[in-house]
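So the structure is just underneath, and the comments pick up after that.
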Amino acid sequence: MSPTEGRRGYPVIAALVVASMVLVTVYYKEGQEGPLHRVQGWSIGLIAPAQSAIARVAQPISEIYGFFVDVGKFRTENAALKRQNTELRSKLRSMSALEAENKRLRSLLVFKQRTEFKGLPAKVIGWQSTSWQSTIIIDLGSNDGVQKGMPVVTGDGLVGQVIQTSANASRILLIIDQKSGVSVQLGGSGDVGVLQGQSDGSLLVSYISKETTVSAGEAVVTSGLGGVFPKGLFVGKTAEPGKVGYNLYKAVKVISPVDFRRLEEVLVVTNPPEKTPFGE
Amino acid sequence: MRKPLATAITILLALLFQAAVVPHLAIAGAQPDVVLILIVLFGFSEGSAKGASLGFVGGLVQDLLGGQVVGLSAFSKAIVGYVSGFVERTIFVENVLLPMGAILTASVLNDFTYAGFNFLLGEKIGLSKLFFDMALPTALYNALAMPLVYLVYRRLTTPRPEKTPMTLKRKWG
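Respectively, the protein sequence lines represent chains A and B.
Per this note's numbering, the first sequence starts with residue 1, numbered consecutively.
Per this note's numbering, the second sequence starts with residue 1, numbered consecutively.
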């Protein structure tokens with residue numbers, strides 16, 4: 001294309017830039033019940049069946065692809081696991097008593113969770129398509145009792161919260177999204193901070209006092225502050241704390257046991273109780 | 001098939017592919033943006049005005065389907081489609097690295113435009129984080145995926161030659 005032709009596009013690009021700005025302004029001003037938000041809600045229902053069908057077909061391809069991607073990682077892991085295996089064998093005998101205790105505690109915890117939380121099991125049928133947002137789409141919507149703001153978990157820990165619903169599908173904002181903010185509490189000190197997603201998919205708790213001593217492996221659970229997530233939902237464990245530097249607060253990296261890239265089934269918590277047990 | 005219809009179908013298929021299949025192809029959090037690649041290719045061949053228009057529509061649909069702030073992707077992709085129109089269409093016949101480089105640049109431009117608009121709306125992100133963690137991995141993936149997307153795009157939008165008695169004769173003779 002010649003530069004002359006390119007210049008002819010000035011009115012078009014000017015109009016499109018203005019149209020984009022109008023759309024963004026309307027989106028921010030209109031609120032959750034506005035037409036653009038409603039169209040977004042309908043679009044989940046519109047695309048969900050197609051996503052579900054394609055996801056079923058794509059799953060085996062994805063697994064094969066994932067295998068090749070993971071081969072290098074497997075080799076390194078294999079060497080590390082061999083070393084660990086030797087160490088673990090020696091520890092195995094002393095673990096049997098602890099194992100029995102762990103089993104009893106787990107059954108108690110599962111029982112407690114069953115009596116306090118009511119959840120709707122849902123299948124993940126879609127994933128967000130850009131690196132700017134981390135959301136998933138599940139196959140349950142308002143017809144099934146799913147409402148905006150409900151927490152979403154797996155057996156491993158907190159996943160996110162419902163941000164949009166249509167009749168038969170809902171969009172979940174994952175906690176690894178940079179726009180997500182969850183009030184959490186550290187298991188060791190009891191300090192409360194804000195858990196936020198990072199651009200690399202990791203999790204960071206900010207606003208922890210500099211004086212607080214944080215050690216690796218502390219349980220991180222939701223604090224219940226803010227009224228979105230109930231208190232006590234397991235999020236993950238603290239990683240090795242980094243340097244504080246000249247910052248006013250300490251930021252602690254959290255490792256979640258949830259594999260956010262391969263979520264398949266989740267549980268939508270429909271009746272978050274006021275008080276829930278602390279810890280994993 | 002007429003070209004506007006073929007383009008509409010191609011972009012619709014790309015949006016579906018992007019939403020349902022591409023997330024399965026992510027490597028270390030980076031995934032290609034097939035819709036962006038198509039917009040750039042369309043801008044290359046059709047010019048700035050059409051490239052910007054398709055960019056706006058493609059981005060708008062992505063905003064609506066993705067639950068993001070409506071208008072953000074429409075804006076960044078319209079800009080990218082427009083800028084792509086300035087690239088000579090002969091870029092494809094000379095060397096495959098040239099269009100790959102153009103896609104890489106367009107992809108970085110898209111992410112920086114998106115981030116710039118986001119910044120005006122109060123969302124801050126560090127420049128090095130934006131470039132190294134987000135823009136560059138996506139841009140490299142887009143550049144690698146470009147030849148494949150180009151083949152599909154050309155296949156879907158280039159009209160097939162009519163079968164003439166001569167070609168039939170050659171086939172049967």
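Just so it is clear, CB atoms sit at the ideal spot from N, CA and C, and this is done for glycine as well.
Burial state of residue i, where buried means 16 or more other Cβ atoms lie within 10 Å
{"i": "Arg171(A)", "result": "buried"}
{"i": "Pro4(B)", "result": "exposed"}
{"i": "Asp156(A)", "result": "exposed"}
{"i": "Tyr10(A)", "result": "exposed"}
{"i": "Leu203(A)", "result": "buried"}
{"i": "Ser128(B)", "result": "exposed"}
{"i": "Phe75(B)", "result": "buried"}
{"i": "Lys112(A)", "result": "Model confidence at Lys112(A) stands at a pLDDT of 46, short of 50, so the residue's coordinates are unreliable; what they give is reported in the following sentence. The residue in question, Lys112(A), is exposed, as its Cβ has fewer than 16 Cβ neighbours within 10 Å."}
{"i": "Asn110(B)", "result": "buried"}
{"i": "Val96(B)", "result": "exposed"}
{"i": "Leu60(B)", "result": "buried"}
{"i": "Gln185(A)", "result": "buried"}
{"i": "Thr157(B)", "result": "buried"}
{"i": "Thr165(A)", "result": "buried"}
{"i": "Leu108(A)", "result": "Model confidence at Leu108(A) stands at a pLDDT of 43, short of 50, so the residue's coordinates are unreliable and nothing is read from them."}
{"i": "Ser43(A)", "result": "buried"}
{"i": "Thr10(B)", "result": "buried"}
{"i": "Thr222(A)", "result": "buried"}
{"i": "Phe179(B)", "result": "What is shown of chain B runs 1 to 173, which leaves residue 179(B) out entirely."}
{"i": "Ser84(B)", "result": "buried"}
{"i": "Gln174(B)", "result": "With chain B represented from 1 up to 173, any question about residue 174(B) goes unanswered, as that position is not in the structure."}
{"i": "Leu151(B)", "result": "exposed"}
{"i": "Leu72(B)", "result": "buried"}
Collapsed DSSP secondary structure at residue i in the structure displayed
{"i": "Thr213(A)", "result": "coil"}
{"i": "Arg104(A)", "result": "Unreliable positioning characterises Arg104(A) in this predicted model, as indicated by a pLDDT of 46, which lies under 50. The coordinate reading is nonetheless provided below. In this structure, Arg104(A) counts as helix in the three-state DSSP scheme."}
{"i": "Leu60(B)", "result": "helix"}
{"i": "Trp127(A)", "result": "strand"}
{"i": "Gln185(A)", "result": "strand"}
{"i": "Gln161(A)", "result": "strand"}
{"i": "Pro35(A)", "result": "helix"}
{"i": "Leu233(A)", "result": "coil"}
{"i": "Glu265(A)", "result": "strand"}
{"i": "Leu225(A)", "result": "coil"}
{"i": "Val71(A)", "result": "helix"}
{"i": "Ile9(B)", "result": "helix"}
{"i": "Leu144(B)", "result": "helix"}
{"i": "Gln196(A)", "result": "strand"}
{"i": "Leu98(B)", "result": "helix"}
{"i": "Pro11(A)", "result": "helix"}
{"i": "Gly126(B)", "result": "coil"}
{"i": "Ser256(A)", "result": "coil"}
{"i": "Ala50(A)", "result": "helix"}
{"i": "Lys148(A)", "result": "coil"}
Contact list for residue i against chain E, beta-carbon separation under 9 Å
{"i": "Met146(B)", "result": "Included in the structure are the protein chains A and B, with no chain E among them."}
Sub-8 Å separation of residue i and residue j beta-carbons
{"i": "Ala20(B)", "j": "Gly126(A)", "result": "yes"}
{"i": "Thr25(A)", "j": "Gly119(A)", "result": "no"}
{"i": "Leu195(A)", "j": "Ile136(A)", "result": "no"}
{"i": "Val40(B)", "j": "Val22(B)", "result": "no"}
{"i": "Ala167(A)", "j": "Ser206(A)", "result": "no"}
{"i": "Val17(A)", "j": "Ser53(B)", "result": "no"}
{"i": "Leu36(B)", "j": "Asn118(B)", "result": "no"}
{"i": "Ser180(A)", "j": "Gly201(A)", "result": "no"}
{"i": "Ala26(B)", "j": "Arg38(A)", "result": "no"}
{"i": "Ile47(A)", "j": "Leu65(B)", "result": "yes"}
{"i": "Val153(A)", "j": "Ile138(A)", "result": "no"}
{"i": "Leu158(A)", "j": "Val57(A)", "result": "no"}
{"i": "Leu225(A)", "j": "Val192(A)", "result": "yes"}
{"i": "Met134(B)", "j": "Ser209(A)", "result": "no"}
{"i": "Val57(B)", "j": "Tyr27(A)", "result": "no"}
{"i": "Glu265(A)", "j": "Pro35(A)", "result": "no"}
{"i": "Gly141(A)", "j": "Gly45(A)", "result": "yes"}
Beta-carbon separation (whole angstroms), residue i vs residue j, contact threshold 8 Å
{"i": "Val162(A)", "j": "Val268(A)", "result": "7 Å"}
{"i": "Val77(B)", "j": "Gly47(B)", "result": "Sequence check: residue 77(B) is Lys here, not Val. Actually they are not in contact, since the Cβ atoms of Lys77(B) and Gly47(B) sit about 16 Å apart, beyond 8 Å."}
{"i": "Leu104(B)", "j": "Ala139(B)", "result": "5 Å"}
{"i": "Lys237(A)", "j": "Val220(A)", "result": "7 Å"}
{"i": "Ala50(A)", "j": "Leu16(B)", "result": "6 Å"}
Heavy atom of the ligand MN within 7 Å of residue i beta-carbon
{"i": "Leu144(B)", "result": "Questions concerning the ligand MN fall outside what the structure shown contains, since it holds no ligand whatsoever."}
* Asked: If contact means a Cβ-Cβ distance below 7 Å, which residues of the stretch 40 to 58 of chain B contact chain A?
  -> Gly47, Ser48, Ala49, Ala52, Ser53, Phe56
* Asked: What residues in the stretch 65 to 80 of chain B bring their beta carbon closer than 8 Å to a beta carbon of chain A?
  -> Leu65, Gly66, Gly67, Gln68, Val69, Val70, Gly71, Leu72, Ser73, Ala74, Phe75, Ala78, Ile79
* To do: Using a Cβ-Cβ cut-off of less than 7 Å, list which residues of the stretch 130 to 155 of chain B approach chain A; keep chain order.
  => Asp133, Met134, Thr138
* To do: Residues of the stretch 3 to 25 of chain B with a CB closer than 9 Å to any CB of chain A: list them in chain order, please.
  => Leu15, Leu16, Phe17, Gln18, Ala19, Ala20, Val21, Val22, Pro23, His24, Leu25
* Asked: At a Cβ cut of 8 Å, what residues of the stretch 187 to 209 of chain A count as close to chain B, listed as they run along the chain?
  -> Hits within the stretch, in order: Ser199, Asp200, Gly201.
* **the stretch 28 to 49 of chain A: positions lying closer than 7 Å to chain B by Cβ** => Leu36, Val39, Gln40, Ser43, Ile47
* Using a beta-carbon distance cut-off of less than 9 Å, what residues from the stretch 159 to 183 of chain A approach chain B? -> Ile163, Gln164, Arg171, Leu173, Gln178, Lys179
* Just by C-beta distance, which residues in the stretch 250 to 265 of chain A are closer than 8 Å to chain B? -> For the stretch 250 to 265 of chain A, which is checked against every Cβ of chain B, the residues closer than 8 Å are Arg261.
* To do: Give, in chain order, every residue of the stretch 96 to 117 of chain B whose Cβ lies closer than 7 Å to some Cβ of chain A.
  => Tyr114
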